[in-house]
Every structure is written in C-alpha cells, then in structure tokens.
Amino acid sequence: MPSTSSPGDDPAPGDRASTIVPASELDRLIQVLRRQGRTVIGPTLGDGAIVNDIVESADELPWGWTDEQAPGRYRVGRLPTSEAFGFANPTQSFKRHLHPPRTVLFAASRDHGGGSAEVPVTIAAAESAPPALALVGVRSCDLAALARLDAALTPRTGSRATRSWGDGAGATPTANVDGGPLRALEPFVVAVSCSRPGQTCFCASMGTGPTPGTGYDLALTELVDGGPHEFLVEAATDAGRAVAAELLGRPAGAVDHGRAAAMADRAAAAMGRRLDPDDPPAAGRHLDHPRWRDVGDRCLACANCTLVCPTCFCGATEDVTGFDGEPDLERTERHLVWDSCFGSSFSALNGNPVRASTADRYRHWLLHKLVTWHDQFGTSGCVGCGRCITWCPVGIDLTEEVAALARPTTGVAS
Amino acid sequence: MVPARYRVADRTDESADTVTLTLEPIDRPIPTPGPGQFSMLWAFGVGEAPISLSAIDGTRLGHTVRAVGPVSRALASAPVGATIGVRGPFGRGWCPPGDDAGPAVVVAGGLGLAPLRPLIAALVAARPRRSVRLAIGARRPEDLLHRGDLRRLVDEPGVSVDLTVDVADRGWRGRVGLVTDLLDASTVSGTEPMAYVCGPELMMWFTARRLLDLGLAPERIQVSLERNMHCAIGWCGHCQLGPSFVCLDGPVYDWAEAEPLLAVRGR
Chain A
1 MPSTSSPGDD
11 PAPGDRASTI
21 VPASELDRLI
31 QVLRRQGRTV
41 IGPTLGDGAI
51 VNDIVESADE
61 LPWGWTDEQA
71 PGRYRVGRLP
81 TSEAFGFANP
91 TQSFKRHLHP
101 PRTVLFAASR
111 DHGGGSAEVP
121 VTIAAAESAP
131 PALALVGVRS
141 CDLAALARLD
151 AALTPRTGSR
161 ATRSWGDGAG
171 ATPTANVDGG
181 PLRALEPFVV
191 AVSCSRPGQT
201 CFCASMGTGP
211 TPGTGYDLAL
221 TELVDGGPHE
231 FLVEAATDAG
241 RAVAAELLGR
251 PAGAVDHGRA
261 AAMADRAAAA
271 MGRRLDPDDP
281 PAAGRHLDHP
291 RWRDVGDRCL
301 ACANCTLVCP
311 TCFCGATEDV
321 TGFDGEPDLE
331 RTERHLVWDS
341 CFGSSFSALN
351 GNPVRASTAD
361 RYRHWLLHKL
371 VTWHDQFGTS
381 GCVGCGRCIT
391 WCPVGIDLTE
401 EVAALARPTT
411 GVAS
Chain B
415 MVPARYRVAD
425 RTDESADTVT
435 LTLEPIDRPI
445 PTPGPGQFSM
455 LWAFGVGEAP
465 ISLSAIDGTR
475 LGHTVRAVGP
485 VSRALASAPV
495 GATIGVRGPF
505 GRGWCPPGDD
515 AGPAVVVAGG
525 LGLAPLRPLI
535 AALVAARPRR
545 SVRLAIGARR
555 PEDLLHRGDL
565 RRLVDEPGVS
575 VDLTVDVADR
585 GWRGRVGLVT
595 DLLDASTVSG
605 TEPMAYVCGP
615 ELMMWFTARR
625 LLDLGLAPER
635 IQVSLERNMH
645 CAIGWCGHCQ
655 LGPSFVCLDG
665 PVYDWAEAEP
675 LLAVRGR
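Protein chains in written order, with our numbering: chain A, 1 to 414; chain B, 415 to 681.
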C-alpha cells in the first residue's frame with residue numbers, strides 16, 4: 001500500500017516500482033494505455049458534475065474542479081489549485097462500465113414458414129467482445145467496490161452444507177453458468193489516493209481508504225502540499241510496471257513517500273462521517289426496531305442509492321421483442337438490466353410483494369449491504385463512498401440510521 | 415444464461431389452470447436433476463419462470479405449471495411440439511431420509527404437490543424399508559393435482575394417502591378442512607420420521623408448527639420455499655431471504671433454517 005512505505009526506505013537505484021512524475025505526464029499515461037488498444041475511462045466534467053466517462057487526453061480531466069457533497073446535495077466548484085483529482089469521487093463509480101445497465105444475454109428467432117406444426121426456434125448466445133478498458137482515477141472506495149462486485153457476480157454455489165439429492169448427480173447449481181461478467185473484462189486499473197474526501201465520505205472507518213488497498217496496476221498520489229505539482233506512481237503488477245516505465249520521471253525517495261503518507265493521514269482525518277463497525281451487527285439484531293418504520297416514512301423508494309452504489313448488483317431479466325426498429329415478433333432478445341430492491345415488484349410473488357412497505361425494502365437494502373453481505377461474501381457490501389447519502393433526494397444518511405438502529409429502544413416495537 | 419432447447423412431448427391437464435408438460439431435449443440435455451430442484455423455463459418472447467421438477471425420467475423432464483402470470487400462461491398453453499427453453503437444474507433439493515427405517519411424512523398443499531412428486535416416487539421405490547405417509551390438501555376437489563398418481567398410491571402397501579379439501583363439492587366424500595388436521599400422533603409414530611412439506615408459505619408454517627407439537631425435531635422437517643427469481647444463479651438478487659439466496663441455498667430448507675427466515679414479516 002502506498003502510504004505504508006515508511007520514510008527512510010530509500011528505493012534501490014533503478015527501481016521503477018515507485019516513480020515521481022510531473023503532472024504533465026498524466027497525458028502520456030493516458031496515451032500509453034490508449035496505444036495498448038484500451039478505452040480509457042476516467043473523471044471528467046459533464047452535465048455540471050464530475051463523472052466517469054471516456055477520456056482521450058489528460059485535458060479532459062477535471063483540472064481545478066472539486067465537488068461539494070452533503071446529504072441530498074451535490075455541487076461542483078473551482079479550486080484555487082489546478083489539481084486533476086481534487087474532488088471526493090465522481091457521481092458514479094465504474095460499475096456501469098464493468099456491469100452495464102443493460103446486457104444482451106441471447107437472441108432467438110423462430111420460423112413459422114415451414115408449414116409444420118412444430119415451429120423451429122433458434123437460440124444464439126450474444127456475441128460479446130468485451131472492451132479492453134483502462135480505469136483511471138479509481139478511488140480506494142471504488143477500488144474496493146470492484147473486488148466486491150466481482151465476488152458477487154462470480155459464479156458460485158450455495159453457502160449451505162451439501163446434502164441434498166441435487167448434489168453429486170452432475171446437477172451443480174452453476175451447471176450452465178458462464179464466467180462472471182467482470183472477470184472477462186480485466187481492466188487496467190490506475191488507482192488514485194484521496195486528497196480531498198467529502199463530507200459524506202467514510203471509507204477510513206470501513207477500512208477501504210483513503211489510500212488504495214489491492215487490485216490496482218498503478219496507484220497515483222497527487223502531491224498538492226505546496227510543493228511541486230507531481231504524482232507519486234507506484235506499480236503493483238507487471239502490466240503496471242511496463243506502463244510506468246514509459247513515463248518520464250525520477251525514482252521516488254523517502255521524502256516523496258513521506259509527502260504521500262502525510263496527505264493520506266490528512267485525508268483520513270478529514271472524512272465527514274464514520275460508521276462504527278459494531279453498529280451494523282447491532283442493527284441487524286433489531287429487526288423490529290421502530291426506526292425502520294421511521295426511515296421507511298422518509299424514504300421515497302426512488303432507487304437512487306442502489307443506482308449510485310458501486311456494489312449494488314441486482315438485476316432483472318426481460319425479453320425484448322420487436323419494438324426497436326421494425327416490429328418483428330419472430331425475433332426476441334433476452335436482456336439483463338439493473339434492478340433495485342426498492343421497486344415494489346422486486347420481491348413480487350404471485351403478484352404481491354413480499355416486502356410490501358418501503359420500510360421493509362429499506363431494511364432489506366441496509367441489512368444486505370451491511371450485515372448479510374458478510375454472510376454471503378465475507379465482506380461488507382459498503383465501501384464508504386457516501387454516494388447513497390449524497391444522492392438521496394431526502395438526505396437519508398445510512399451512518400445516522402445505523403447508529404440509531406444500534407441503540408436498543410425501550411418503547412414498544414412496531 | 416442461455417437455455418437449452420426442449421420440445422413439449424406431452425401435456426397433461428391437471429386442472430382448469432394447471433398443466434404438466436413433459437419436455438424432451440432437442441439438443442444437449444441439462445444435467446439430471448434431483449427431487450426438489452427446479453428449472454428456469456423460457457417462453458419465446460415472454461420470459462422465464464422458475465418451475466420445479468414434477469417428474470424426472472432420464473433426460474425427459476416433467477414440469478407442472480399453473481397459469482398465473484404472463485410467463486406461466488405462455489408455458490401452460492404451449493402445445494405439443496412447441497419449443498421451450500430450459501436452464502438448470504438449480505438449487506438444493508430434498509434431503510434423502512437417510513438409512514434409518516423411519517417413515518417419511520409428505521405434506522402437500524395445492525401446487526406444492528408438484529415438487530414433492532419426484533420425491534414421492536423415490537420414497538415409494540425405496541419400500542418396504544420405509545413406510546410413506548401422504549397428507550395432501552387442495553382448495554377444491556378439482557384442484558387436486560396428479561390424481562392418477564394418487565389413485566395408484568392408495569393401493570400400494572406401505573403407503574397411506576389422506577386427502578382433504580377446503581371447499582367440497584357434491585361428489586366429494588373425503589375430508590373437509592385444513593391439511594394440518596390430517597396430522598396426528600399416528601402420523602409421526604415410529605422411529606424418527608422425516609417430514610417433507612410444500613405448499614403456500616402459511617400452510618408450511620402451520621404444518622411445521624403442528625409437526626413440532628407432535629414431537630418432530632426441526633431438523634427433520636423440510637420445506638420448499640418460493641421467492642421471486644430472475645436468474646437462478648445468485649446474480650439478480652431477487653430471491654434473497656435474509657442472508658440466503660433461495661436459488662442457491664434453497665429452495666429446500668430444514669425448519670431450523672427456515673423458521674428464522676420466515677418469522678419476520680416482509681423480510
């Protein structure tokens with residue numbers, strides 16, 4: 001991890017694993033990745049916000065822009081300095097680029113022309129040539145989210161002990177599952193340490209930031225402490241070292257690592273929020289806490305939180321027939337689209353939702369994110385990016401809800 | 415998530431809105447399912463639905479479908495010769511009763527008989543080591559599924575069949591009332607029975623409570639749960655019930671696992 005290099009560790013001569021490059025080298029980095037045939041996704045200014053989108057040069061990065069985030073509030077603003085990454089995090093994570101809102105699973109057609117009672121049906125798996133991606137400017141929260149999303153979408157079997165007639169008869173639950181969608185992409189990841197966390201950020205308390213953990217090829221630290229505007233570049237993989245070797249810079253020394261560590265410490269201290277690790281399990285024990293009804297009354301069930309969450313993975317399947325272009329009822333496509341557990345039909349069983357109230361749905365979302373995700377995947381489903389707080393139109397703050405839910409009540413439970 | 419093509423080889427009308435389809439593979443068959451597992455059946459241009467196996471005969475699959483929504487209506491109306499897409503088999507099925515000689519108690523409500531049918535076939539095949547007691551309820555006499563099976567089973571030694579309906583008609587000479595009324599001390603007599611229960615969630619809840627009252631251990635009561643499912647591989651998130659993905663961890667649970675999942679309304 002970048003910040004753990006203690007001052008005094010002089011890098012060996014010629015060690016290209018950590019390098020100091022001037023800010024102008026960011027464009028060379030992007031061009032090197034583009035020359036590898038990769039589509040580069042990174043932060044850029046769009047629609048009055050800092051968004052992740054395709055960038056073709058470093059000019060498109062949001063130099064000198066920052067964001068102001070608060071419950072139910074987001075604004076961009078200018079910085080006195082010309083930082084490339086002087087904001088907390090883009091409006092959306094990289095989820096939409098790795099787990100797109102709409103994926104075609106297969107196409108099918110049928111032929112009524114044969115005159116026979118049996119109508120031949122053809123099914124063809126969607127041709128997928130996954131794009132070679134490079135993700136630039138991945139915050140530590142979003143880096144942790146990539147791994148958690150990958151774990152959630154990796155084919156797996158049930159967590160219960162194997163014991164039924166279905167076992168051992170070739171009938172594994174994943175018998176006809178292809179590889180996980182993220183695994184096939186294997187993007188080149190350029191992480192960046194956080195220097196200006198937002199008021200809604202709490203990655204430090206979740207153990208996911210502000211410096212990148214694992215899973216990156218290159219990690220950048222933008223040194224904006226009054227000294228020269230430089231980047232500390234640390235490579236963690238062979239692919240990362242190969243790209244770093246093309247940048248013009250000098251080997252990083254103890255002083256440089258010390259500057260980066262000091263910035264990380266300042267960022268960790270500047271987090272606007274925190275989540276007590278003991279609170280989520282306590283909240284999970286109080287399934288009849290009156291606070292659930294209280295937050296259900298405030299929640300609009302709009303699904304903004306699940307859309308901006310970098311780990312929310314739920315989807316729906318739908319058959320799409322005939323209505324794009326020429327109506328053609330003899331052709332159909334099956335799509336996997338993003339879905340949200342806040343929708344009333346999400347849990348529908350024979351026409352009626354199992355989670356009938358908004359309070360039921362908020363409880364499901366919160367407890368899945370913070371409690372049952374541990375049972376399912378061995379980690380929290382929350383990385384502390386704070387987007388669900390910022391983008392909630394009524395400003396519901398999960399750190400506040402969890403703290404309230406962890407407090408036992410003496411009143412009558414709902 | 416691409417289905418294998420199956421052909422509707424046979425249709426058996428079970429009731430006004432329920433049909434059993436026999437499907438045979440057009441190209442590659444899916445792996446052989448076990449009793450209690452389910453398939454995702456796809457109707458061209460309409461969608462997919464999780465449907466339990468009501469018969470397993472080599473590569474031929476039986477699925478009993480009640481026409482309640484767009485997908486199940488399309489499946490239930492598929493004529494012989496139609497192509498249906500099949501993915502699966504999915505989920506954890508019924509747990510075999512083990513080598514002890516205790517009786518098997520099977521309690522079904524309505525459409526819940528369908529996923530129990532391959533289990534009943536396996537249990538009956540395992541006689542005379544073990545007796546099989548069936549308690550089957552339906553709303554009305556005409557809603558009783560697999561009536562041909564039931565008629566045959568009545569005459570089988572070592573098999574008892576008790577039927578009840580909520581609402582009788584003139585021709586009905588059997589019992590009227592809840593399926594739980596069919597369960598008494600004699601149902602669970604003998605060494606450590608294993609109980610298999612499937613039906614509407616409330617019916618399973620009260621059946622399990624009744625079996626517990628009669629002295630059965632929660633680990634010896636199995637239920638098959640139902641939740642909304644889109645993918646059956648743990649990706650879509652719809653079927654989550656507490657920490658469980660019903661498509662992966664279920665649909666069959668023992669009561670020790672199921673009770674805390676079902677005890678909280680709206681979970």
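Every residue gets a Cβ at the ideal spot worked out from N, C-alpha and C, and that includes glycine. Being a predicted model, the structure only gives us computed values, none of them experimental.
Residues sharing a beta bridge with residue i, DSSP
| i | result |
| --- | --- |
| A/T317 | A/L336 |
| A/N52 | A/P43 |
| B/D454 | With the sequence shown as reference, residue 454 of chain B is identified as Met, and Asp is not the correct amino acid for it. Its beta-bridge partners are B/P464, B/R501. |
| B/S638 | B/V666 |
| A/L146 | DSSP, once it has assigned bridges, lists no residue as partnering A/L146. |
| B/H477 | B/L435, B/L467 |
| B/Y420 | B/P439, B/I498 |
| A/F346 | Per DSSP, none; premise fails for A/F346. |
| A/T221 | A/L232 |
| A/L133 | A/T39 |
| A/N352 | A/L349 |
| A/D67 | A/V76 |
| A/Q31 | Its beta-bridge partners do not exist; DSSP assigns none. |
Burial state of residue i (16 or more Cβ within 10 Å)
| i | result |
| --- | --- |
| A/E246 | exposed |
| A/A260 | buried |
| A/P173 | At A/P173, the pLDDT of 40 sits below 50, so the modelled position is not reliable; the number obtained from the coordinates is stated separately. Per the 10 Å Cβ criterion, buried. |
| B/G448 | buried |
| B/R419 | buried |
| B/H652 | buried |
| A/N350 | exposed |
| B/L489 | buried |
| B/T605 | exposed |
| A/D278 | exposed |
| B/A469 | buried |
| A/D47 | exposed |
| A/V189 | buried |
| A/A406 | buried |
| B/L682 | Within the shown structure, residues of chain B are numbered from 415 to 681, placing residue 682 of chain B beyond reach of any answer. |
| A/G37 | exposed |
| B/A430 | exposed |
Own chain partners of residue i with C-beta closer than 7 Å, once the 5 adjacent residues on each side are dropped
| i | result |
| --- | --- |
| A/I123 | F106, A108 |
| A/A161 | Interpretation of A/A161 is limited by its pLDDT of 46, a score under 50 that renders its predicted location unreliable; no figure is taken from the coordinates. |
| B/F659 | G648, C653 |
| B/D441 | A418, R419 |
| B/T426 | V433, T434 |
| A/C388 | C305, V308, C309, L398 |
| A/S3 | With a pLDDT of 36 at A/S3, under the threshold of 50, the modelled position of that residue is not reliable, and no figure is offered here. |
| A/M206 | L275, S380, C382, V383, G384 |
Contact set for residue i: own chain, Cβ-Cβ below 6 Å, skip 5 residues either direction
| i | result |
| --- | --- |
| A/N89 | R139, C385 |
| B/A582 | V590 |
| A/L223 | E230, R259 |
| A/R355 | S347, R361, H364 |
| A/A23 | H229 |
| A/S82 | W63, G64 |
| A/A359 | W292, R293, G296 |
Contacts around residue i, its chain only, beta-carbon distance under 8 Å, and the 5 residues preceding and following it disregarded
| i | result |
| --- | --- |
| A/T39 | I54, P131, A132, L133, A134 |
| A/C314 | T306, W338, D339, S340, C341, F346 |
| A/P281 | V371 |
Proximity test, residue i beta-carbon vs the ligand ATP heavy atom, cut-off 8 Å
| i | result |
| --- | --- |
| A/G249 | In the structure shown, the ligand ATP is absent, as is every other ligand, since no ligand is present at all. |
Worksheet item: Is it a yes or a no for the stretch 281–299 of chain A touching the stretch 390–401 of chain A, going by three-plus beta-carbon pairs under 8 Å?
Response: yes
Worksheet item: Quick check: the stretch 451–460 of chain B against the stretch 468–485 of chain B, are there 3 or more CB pairs under 8 Å?
Response: yes
Discussion item. In chain order, what are the residue ranges of uninterrupted alpha helix (DSSP H) at least 4 long that sit wholly in the stretch 524–589 of chain B?
Written reply: 527–539, 561–568
Item to complete: Starting from the N-terminal side, write out each stretch of the beta strand (DSSP E) that is 3 residues or longer and does not extend beyond the stretch 74–125 of chain A.
Response: 102–110, 121–125
Worksheet item: Fully enclosed by the stretch 228–300 of chain A, which alpha helix (DSSP H) runs are 4 residues long or longer?
Response: 238–244, 254–269, 279–285, 290–298
Worksheet item: Three or more beta-carbon pairs under 8 Å between the stretch 540–553 of chain B and the stretch 564–584 of chain B, yes or no?
Response: yes
Worksheet item: Are the stretch 489–501 of chain B and the stretch 515–522 of chain B touching, with three or more C-beta to C-beta distances below 8 Å?
Response: no
Worksheet item: Contact between the stretch 328–336 of chain A and the stretch 629–638 of chain B: three or more CB pairs below 8 Å?
Response: no
Item to complete: Mind listing, in chain order, the continuous beta strand (DSSP E) runs of no fewer than 3 residues lying wholly within the stretch 587–621 of chain B?
Response: 608–612
Worksheet item: Can we say the stretch 213–221 of chain A touches the stretch 139–150 of chain A, given the rule of at least three CB pairs closer than 8 Å?
Response: yes
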